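Peer 1: The following block contains the structure, expressed as structure tokens.
There are 2 protein chains.
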Amino acid sequence: MATKHEIGTRERIVRATSRLMQRQGYGATGLKEISREAEATLGSVYHFFPGGKRELAVEAIHHGDREFAELLRTALERVDDPGEAIIACARELASGLRESGWLDGCPITTAALESAGLVPDIQRAAEEAFENWRTLVRDKLRRCGFAEDVAHDLAHTVINTLEGAEMSAQVSQSEAPLEIAGRHLARLIDSYR
Amino acid sequence: MATKHEIGTRERIVRATSRLMQRQGYGATGLKEISREAEATLGSVYHFFPGGKRELAVEAIHHGDREFAELLRTALERVDDPGEAIIACARELASGLRESGWLDGCPITTAALESAGLVPDIQRAAEEAFENWRTLVRDKLRRCGFAEDVAHDLAHTVINTLEGAEMSAQVSQSEAPLEIAGRHLARLIDSYR
DNA sequence: ACGGCTCTAAAACGAACGCTCTACCCACTA
DNA sequence: TAGTGGGTAGAGCGTTCGTTTTAGAGCCGT
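Protein sequence lines, in the order shown, are assigned to chains V and F. If you're matching positions, the first sequence starts at 1 in this note's numbering and goes up one per residue. If you're matching positions, the second sequence starts at 1001 in this note's numbering and goes up one per residue.
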């Protein structure tokens, strides 16, 4: 690399792959497109990822996993009340979506759906990501005094509803689905107090 | 066509496209693959769909729209109580998913996400589909005595949560997300009575 | 100065892509 | 019987796909 302070080639490739797959999925994203976007050559791509497109996609999903988890974690830590915290998450997702021109939805959903049952590596990576996110929500609810089984189930629905609402918001180019989802999830959580 | 009683070529092509796009998305589905699966030739495909892949994809999404709407409609009509009716929908989705070996999720989500913001025709068709489904749920709630604005918002979250849960169920190859989603949605609906 | 290493550069492979084109089959009407 | 037109058949267009290959640039400790 040219300087130790700038982002390394490997990281640039992963980030470009993650962003492209977020927008257009796994199948529609080409390696030439990735290397162009990452300002790297095909040689570099295959140097760092000898497993080719599949290995690179798995790495990109792990990247998206960490990215989304970070967004969740900060929103959940910033707000005490669990319902309000979920509303904050929904708002965060909505503004990110709008600011990207409704292009950047969930970083892994598209690829996960495309390859569910067809590309085991990618499916497994996506499954791990969803589980990580649910764990973040479940732990938050536990900390707020909810019982283990209640927190476990609520975490499922919180993540799934946010995912569905983000998808809907992206397709309809409107923040409304996420705003409504936040309100309803807070109401649902409060009903278990 | 050979006989008036068997399915016409055009319909076979649309169904094959819909099923392939449901499983692997728009970008990863090729026209040769479609014509092979539909037992039609490339000539027939371009005869019925001069607009090529895009036009065919839009038609396939309309097909998926009608298919999913039919599933929703029958489940919503069969059960009186609105919460129980949504649980019935979730169960229907779960069994369909399991019976297909976790391959056939929502018929349009994958394509919708892939092309949101990139292929306007497909995005518009998907948006219409989601709106149709919400209308089915909203009308059911209205018939059960819910106020217009409450029914409108609940319809959003019902569809989005079912979508998110179905995606999660597909990725984790488990009916649990849909089962939990049904229970939570029924609870949310009942909280507005 | 040196061999050894990581990383970059670019050409080229066969296969598959979306799409176009021409020829043909065949039920129908005149 | 000749003609008409909807539908079928498949070769082939140029392009792009994922991948492989070969060569070389830049930096290291010795």
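Using N, Cα and C, we set each Cβ at its ideal position, and we do this for glycine too. Treat the numbers as computed from the prediction; the structure is a model and nothing was measured.
Can you list the beta strand (DSSP E) stretches of 3 or more residues lying completely in the segment 1064-1118 of chain F, in chain order?
Peer 2: Listed in chain order, nothing qualifies, since the segment 1064-1118 of chain F has no complete beta strand (DSSP E) run of 3 or more residues.
Peer 1: Along chain F, in chain order, which residues have C-beta atoms closer than 7 Å to that of residue 191 of chain V?
Peer 2: By 1-based counting over the first sequence, the position of residue 191 of chain V is 191. Residues of chain F passing the Cβ test: 1187 and 1191.
Peer 1: Who are the neighbours of residue 110 of chain V on chain F, taking C-beta pairs under 8 Å?
Peer 2: For the purposes of this step, residue 110 of chain V is identified with residue 110 of the first sequence, where counting begins at 1. Those within 8 Å of residue 110 of chain V in chain F are 1025, 1110, 1113 and 1114.
Peer 1: In chain V, which residues lie less than 7 Å from residue 1171 of chain F when you measure between Cβ atoms?
Peer 2: Here residue 1171 of chain F refers to the residue found at position 171 when the second sequence is read from its first residue. Here the neighbours are 112, 116, 123, 126, 127 and 130.
Peer 1: With a cut-off of 8 Å, do at least 3 Cβ pairs link the segment 103-111 of chain V to the segment 148-160 of chain V?
Peer 2: no
Peer 1: For residue 65 of chain V, does the count of other Cβ atoms within 10 angstroms reach 16, so buried, or fall short, so exposed?
Peer 2: Counting from one through the first sequence, the residue named residue 65 of chain V turns up at place 65. Answer is buried; the Cβ neighbour count reaches 16.
Peer 1: Taking three-plus beta-carbon pairs below 8 Å as touching, is the segment 106-114 of chain V in contact with the segment 21-28 of chain V?
Peer 2: Between the segment 106-114 of chain V and the segment 21-28 of chain V, the count of C-beta pairs closer than 8 Å reaches three or more; the two stretches touch.
Peer 1: Would you mind reading off the limits of the alpha helix (DSSP H) that contains residue 1123 of chain F?
Peer 2: As a position in the second sequence, residue 1123 of chain F is number 123, starting the count at 1. For residue 1123 of chain F, the uninterrupted alpha helix (DSSP H) run begins and ends at 1120-1143, by DSSP.
Peer 1: Tell me which residues share the same chain as residue 137 of chain V and place their Cβ nearer than 6 Å to its Cβ, disregarding the 5 neighbours each side in the sequence.
Peer 2: For this step, residue 137 of chain V is matched to residue 137 along the first sequence. So the qualifying residues of the chain are 155 and 158.
Peer 1: Starting from residue 155 of chain V, trace the alpha helix (DSSP H) both ways and give me its first and last residue.
Peer 2: On the first sequence, residue 155 of chain V is found 155 positions in, with the first residue counted as 1. Counting along the chain, the alpha helix (DSSP H) containing residue 155 of chain V begins and ends at 148-172.
Peer 1: Relative to the C-alpha of residue 1052 of chain F, which candidate in F/1035, F/1133, F/1039 and F/1068 has its C-alpha closest?
Peer 2: Translated into positions along the second sequence, residue 1052 of chain F becomes position 52. Looking at the Cα atoms, F/1035 is the closest of the given residues.
Peer 1: Three Cβ pairs or more, each shorter than 8 Å: is that satisfied between the segment 56-65 of chain V and the segment 127-134 of chain V?
Peer 2: yes
Peer 1: Any beta carbon of chain V sitting closer than 9 Å to that of residue 1062 of chain F?
Peer 2: The sequence position of residue 1062 of chain F within the second sequence is 62, counting from 1. It does not: the Cβ of residue 1062 of chain F has no partner Cβ on chain V nearer than 9 Å.
Peer 1: Just to confirm my understanding: we take residue 69 of chain V, look at its own chain, exclude 5 residues before and 5 after, and list those with CB closer than 7 Å. What are they?
Peer 2: Residue mapping note: residue 69 of chain V aligns to position 69 of the first sequence, counting from 1. Cβ within range, chain order: 132, 133 and 136.
Peer 1: Is there at least one Cβ from chain V nearer than 9 Å to residue 1095 of chain F's Cβ?
Peer 2: What you label residue 1095 of chain F is simply residue 95 of the second sequence in a count that begins at 1. Closer than 9 Å: no.
Peer 1: Tell me which residue opens and which closes the alpha helix (DSSP H) that residue 182 of chain V is part of.
Peer 2: Along the first sequence, one-based indexing puts residue 182 of chain V at 182. First-last of the alpha helix (DSSP H) with residue 182 of chain V: 176-190.
Peer 1: Determine the DSSP secondary structure at residue 1040 of chain F, reduced to helix, strand or coil.
Peer 2: If you number the second sequence from 1, residue 1040 of chain F lands on position 40. Coil at residue 1040 of chain F, not helix or strand.
Peer 1: Could you check the C-alpha separation between residue 95 of chain V and residue 175 of chain V for me, to the nearest Å?
Peer 2: What you label residue 95 of chain V is simply residue 95 of the first sequence in a count that begins at 1. What you label residue 175 of chain V is simply residue 175 of the first sequence in a count that begins at 1. So the alpha carbons of these two residues sit roughly 8 Å apart.
Peer 1: Can you find a CB in chain V that lies within less than 9 Å of the CB of residue 1177 of chain F?
Peer 2: On the second sequence, position 177 is the one that residue 1177 of chain F refers to. So yes, residue 1177 of chain F belongs to the interface.
Peer 1: Could you check which residue in F/1009, F/1168, F/1050 and F/1081 has the C-alpha nearest to that of residue 1041 of chain F?
Peer 2: As a first step, residue 1041 of chain F must be located in the second sequence, where it is residue number 41. Ranking the options by Cα distance to residue 1041 of chain F, first place goes to F/1009.
Peer 1: Answer with yes or no whether the minimum CB distance from residue 135 of chain V to chain F is below 9 Å.
Peer 2: What you label residue 135 of chain V is simply residue 135 of the first sequence in a count that begins at 1. Answer no: the Cβ-Cβ gap between residue 135 of chain V and chain F never drops below 9 Å.
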